[in-house]
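All remarks here apply to the structure that follows.
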Amino acid sequence: MTANTTNGGADGLGLGKDLTGLQQLTCEQIEGILDTAEPFKEISERRIKKVPVLRGKTIVNLFLEPSTRTRISFEFAEKRLSADTVNIASSGSSVEKGESLVDTARNLEAMRIDMVVIRHGSSGAAQFLADRIPSNVINAGDGQHEHPTQALLDLLTIRDRLGSIAGRRVCIVGDVRHSRVARSDIWGLMRCGAEVAVCGPKTLIPMGIEELGVTVLSRVEEAIEWAEVLYVLRLQLERMDAGFVPSLREYNRFFGVSRERLERAPGDIVVLHPGPMNRGVEIDSDVADGPWSLILPQVTNGVAVRMAVLYLLAGGSPERAESAKEARE
Amino acid sequence: MSRPVLITGGRLLDPSQELDGPGALLIRNGRIEACGRDIVGPDDAEVVDVDGLVVAPGFIDVHVHFREPGDEHKETIGSGARSAAAGGFTTVWTMPNTDPPIDDPAAVGFVRGAGERAGGARVYPVGAASRGLEGEKMTEVGELVAAGAVAVSDDGNPIWNAGLLRRLLEYTQTFDIPVLQHAEDTGLSCGGVMNEGKVATALGLRGAPNAAESCMVARDCYIAELTGGHLHVCHVSTREAVEQVRRAKECGAHVTAEVTPHHLALTEDAVHGYRTEAKMNPPLRTEEDRQSLLDALVDGTIDVIATDHAPHHYEEKEREFDDAPFGVVGLETALGVAMLELVESGRLSLGGVVDRLSCAPARIMGLDVGTLRPGARGDIVVFDPAERWTVDASTFMSGSRNTPFVGKELVGRVRATWVAGERRYELPREASPFREGAPPYVGQGSV
Chain A
1 MTANTTNGGA DGLGLGKDLT GLQQLTCEQI EGILDTAEPF KEISERRIKK
51 VPVLRGKTIV NLFLEPSTRT RISFEFAEKR LSADTVNIAS SGSSVEKGES
101 LVDTARNLEA MRIDMVVIRH GSSGAAQFLA DRIPSNVINA GDGQHEHPTQ
151 ALLDLLTIRD RLGSIAGRRV CIVGDVRHSR VARSDIWGLM RCGAEVAVCG
201 PKTLIPMGIE ELGVTVLSRV EEAIEWAEVL YVLRLQLERM DAGFVPSLRE
251 YNRFFGVSRE RLERAPGDIV VLHPGPMNRG VEIDSDVADG PWSLILPQVT
301 NGVAVRMAVL YLLAGGSPER AESAKEARE
Chain B
1001 MSRPVLITGG RLLDPSQELD GPGALLIRNG RIEACGRDIV GPDDAEVVDV
1051 DGLVVAPGFI DVHVHFREPG DEHKETIGSG ARSAAAGGFT TVWTMPNTDP
1101 PIDDPAAVGF VRGAGERAGG ARVYPVGAAS RGLEGEKMTE VGELVAAGAV
1151 AVSDDGNPIW NAGLLRRLLE YTQTFDIPVL QHAEDTGLSC GGVMNEGKVA
1201 TALGLRGAPN AAESCMVARD CYIAELTGGH LHVCHVSTRE AVEQVRRAKE
1251 CGAHVTAEVT PHHLALTEDA VHGYRTEAKM NPPLRTEEDR QSLLDALVDG
1301 TIDVIATDHA PHHYEEKERE FDDAPFGVVG LETALGVAML ELVESGRLSL
1351 GGVVDRLSCA PARIMGLDVG TLRPGARGDI VVFDPAERWT VDASTFMSGS
1401 RNTPFVGKEL VGRVRATWVA GERRYELPRE ASPFREGAPP YVGQGSV
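Following this line, the structure appears as structure tokens:
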């Protein structure tokens, strides 16, 4: 049960029923999603931020791992497209009582829903769900696997600022090992023709990553010298307890992205971060709030990209996005 | 005592006496009475015509998990023993990591008793090496052996304390039993759920590196050298561990090793799609490792094939990859997988496969089975070496169906199994349409 005839498949991009990752998408599909996001950006700038694109659709936001930014971004996207939404978190739900993921999904399905947006702590959980229910499934982050809508908003932000993705040099700095954002960005950037490098202490760089087609840089100074885009990952504080880095102070000293380091960049450089930031650890406030930073535009683009994904999986076509959003109640 | 059995018309294949040719086999009073050409049975013998089939000593698996006591919903000693017989196995060694573990003589007696009542393969318990499998205090090894244990192991857990392993390899020499070691440095495997490398990185799954196994095997081999005890390395999965075993054997250490059919047949690529039926410990490795394992089994560095048969209930495997338990069932596909990977590819003769499944385990563990010599126990497998069949887990005798080989076409199929001259398994006719022109595979009548 991987495909469904009533949901998806008619989006013109051939995305299929679900969006579980960027690994399996083509450059045309990714650019198509970004193009579709363009007309949706404007909705959020209106006085009345609502269009009837998804009226009558029921969407479940199944967030089984803590999330603020992604959950709220999806919720805004859904509400601004007039979908009916329900939020489920693990605490206070039957998941806490030990219900399995497959049973949770089947019960939701029995209530006749149209889409599930899932955030889960286990890699592969979104695919697991997608294979078992006919609703559209959107991966909002599964373990250390992928977080496709984050990468799409990153790509959109890079394209907005630099005009193109192809040929750009992008270095992802930090805890690549544990990062689903890094994986989705690597696939998305490579599909769109960017050159990708990763940089961080070797304890946080996963084995075999070169075989995915990326370069490994071992010093942040090298990364800044090479890159046009620096993508700074959050250092989860529990990594220190697990012994991947000896202390936050040391991490900041050797891998932190600071004003002093950026000022030595040979050319123009922009900085992205998926949030939430640890100021003074992986990124200094001077940088986060400085001229290099695209961090808030990323957040703004997040809503538009998620609207585009919801619209496309619900069967919308990229060409009709502009007219779809202008339809009145 | 059951009727004498005369198995006739088949190809007798017994590498233990370099026998390969047409002939008959007479089993009486549970033992092989005669083996060769021109054998005539007594008038009361049951005559079984196995024209076109291979008659070989029953297979021996020194590494299975039968889950009883504690997890009978996965497998019982009864269902496990019958699953073994269906795979052509006549002797199995059950690992002690049940709940409670098999760490005292009464528990050993329980497993033996249940095995005798099962009506399948012979079930020999492996006792725990440490009390409660906690890796600290040695069990009463002598008492366990007296109650019927054939080896000791903490399988599932490594014996991580080198001092304890040393004492075990010394102490077990009195009782002439091996220590079976699950070699894993858990500091290096560090919660890994598959092989570390490109696939794990792409899937976002925690990986266990080859070194987690090879470091432990290297250490264990040096301790075996030091003590002279018999170390048996379970489920070797890496090329580096193969090198360690090879080195230890060249130095004269009493080290033996096993490999599973799934490590011979599959690589980490089988995990794509988060397939929990490809999740086991040690994990599936790379093609380079797989080739090295095949070579090592052929050249004798790895002595035997053992399945690490690890049943799990459907629901336990039908979940997120991180949360699914390790392990696959293997008894009923072992011959087919081994023949596909070894005989079909031209690496090993059919006799070589029978050796690794039967004669070699008997030889390294000192068992009076694994041969068709007169006087040996009447443990026999009859199989069709040419039959191609597709794995359908719903036909398994095992209580579980967690195999990575569903839908896979294998070569070589078990038709019937005898233990002590008693027929313990026969392939149902509907599952095995006769080849055109072939006579009935198991018939009765007088000569």
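Protein chains in written order, with the numbering used here: chain A, 1 to 329; chain B, 1001 to 1447.
For each residue, glycine too, the CB sits at the ideal point set by N, CA and C.
Opening and closing residue of the beta strand (DSSP E) in which residue i lies
| i | result |
| --- | --- |
| residue 120 of chain A | 115-120 |
| residue 1027 of chain B | 1019-1028 |
| residue 1386 of chain B | 1380-1390 |
| residue 1003 of chain B | Segment: none, residue 1003 of chain B is in no beta strand (DSSP E) and carries neither H nor E. |
| residue 1035 of chain B | 1031-1036 |
| residue 140 of chain A | 136-142 |
Chain B within 8 Å of residue i, Cβ atoms only
| i | result |
| --- | --- |
| residue 3 of chain A | Legend: pLDDT at residue 3 of chain A = 39, less than 50; position of this residue unreliable, value from coordinates given subsequently. No - not a single Cβ of chain B is within 8 Å of the one on residue 3 of chain A. |
| residue 145 of chain A | yes |
| residue 74 of chain A | no |
| residue 208 of chain A | yes |
| residue 106 of chain A | no |
| residue 140 of chain A | no |
| residue 175 of chain A | no |
| residue 236 of chain A | no |
| residue 239 of chain A | no |
| residue 194 of chain A | no |
| residue 298 of chain A | no |
| residue 244 of chain A | no |
| residue 302 of chain A | no |
| residue 212 of chain A | yes |
| residue 101 of chain A | yes |
| residue 125 of chain A | yes |
| residue 285 of chain A | no |
| residue 218 of chain A | no |
Member of the options whose CA lies at the smallest distance from the CA of residue i
| i | options | result |
| --- | --- | --- |
| residue 305 of chain A | A/245, A/282, A/33 and A/83 | A/33 |
| residue 1352 of chain B | B/1209, B/1129, B/1007 and B/1296 | B/1296 |
| residue 238 of chain A | A/87, A/126, A/178 and A/81 | A/178 |
| residue 77 of chain A | A/319, A/322, A/300 and A/111 | A/300 |
| residue 1381 of chain B | B/1018, B/1364 and B/1032 | B/1032 |
| residue 1330 of chain B | B/1116, B/1086 and B/1346 | B/1086 |
| residue 1104 of chain B | B/1093, B/1149 and B/1065 | B/1149 |
Distance between residue j and residue i (C-alpha atoms, nearest Å)
| i | j | result |
| --- | --- | --- |
| residue 1088 of chain B | residue 97 of chain A | 44 Å |
| residue 264 of chain A | residue 292 of chain A | 13 Å |
| residue 251 of chain A | residue 1198 of chain B | 26 Å |
| residue 1154 of chain B | residue 1133 of chain B | 5 Å |
| residue 282 of chain A | residue 1144 of chain B | 57 Å |
| residue 272 of chain A | residue 290 of chain A | 12 Å |
| residue 1338 of chain B | residue 135 of chain A | 42 Å |
| residue 1421 of chain B | residue 1041 of chain B | 14 Å |
| residue 1253 of chain B | residue 1225 of chain B | 5 Å |
| residue 1227 of chain B | residue 1245 of chain B | 16 Å |
| residue 321 of chain A | residue 12 of chain A | 12 Å |
| residue 1243 of chain B | residue 1003 of chain B | 49 Å |
| residue 1046 of chain B | residue 1006 of chain B | 6 Å |
| residue 261 of chain A | residue 233 of chain A | 17 Å |
| residue 1122 of chain B | residue 1081 of chain B | 7 Å |
| residue 1263 of chain B | residue 315 of chain A | 44 Å |
Any chain A beta carbon closer than 8 Å to residue i
| i | result |
| --- | --- |
| residue 1274 of chain B | yes |
| residue 1322 of chain B | yes |
| residue 1207 of chain B | yes |
| residue 1198 of chain B | yes |
| residue 1268 of chain B | no |
| residue 1203 of chain B | yes |
| residue 1287 of chain B | no |
| residue 1068 of chain B | no |
| residue 1437 of chain B | Because residue 1437 of chain B sits at a pLDDT of 37, beneath the cut-off of 50, its placement in the model cannot be relied upon, and the following sentence gives the value as read from the coordinates. No, its Cβ sits nowhere closer than 8 Å to a Cβ of chain A. |
Where the alpha helix (DSSP H) through residue i begins and ends
| i | result |
| --- | --- |
| residue 80 of chain A | 69-80 |
| residue 1274 of chain B | Neither: residue 1274 of chain B is in no alpha helix (DSSP H) and is coded neither H nor E. |
| residue 1244 of chain B | 1239-1250 |
Neighbour flag for residue i against chain C, beta carbons, 8 Å
| i | result |
| --- | --- |
| residue 255 of chain A | Considering every chain present, this structure includes no chain C. Its protein chains are A and B. |
> Taking any Cβ of chain A, which residues in the region 1307-1337 of chain B have a Cβ under 9 Å from it, in chain order?
Replying inline: 1315, 1318, 1319, 1320, 1321, 1322 and 1323
> Relative to chain B, which residues along the region 9-29 of chain A have a C-beta separation below 8 Å, given in chain order?
Replying inline: 23
> Got a sec: which bits of the region 49-72 of chain A sit with their beta carbon under 8 Å from any beta carbon on chain B, in order along the chain?
Replying inline: The region 49-72 of chain A vs chain B, Cβ under 8 Å: nothing.
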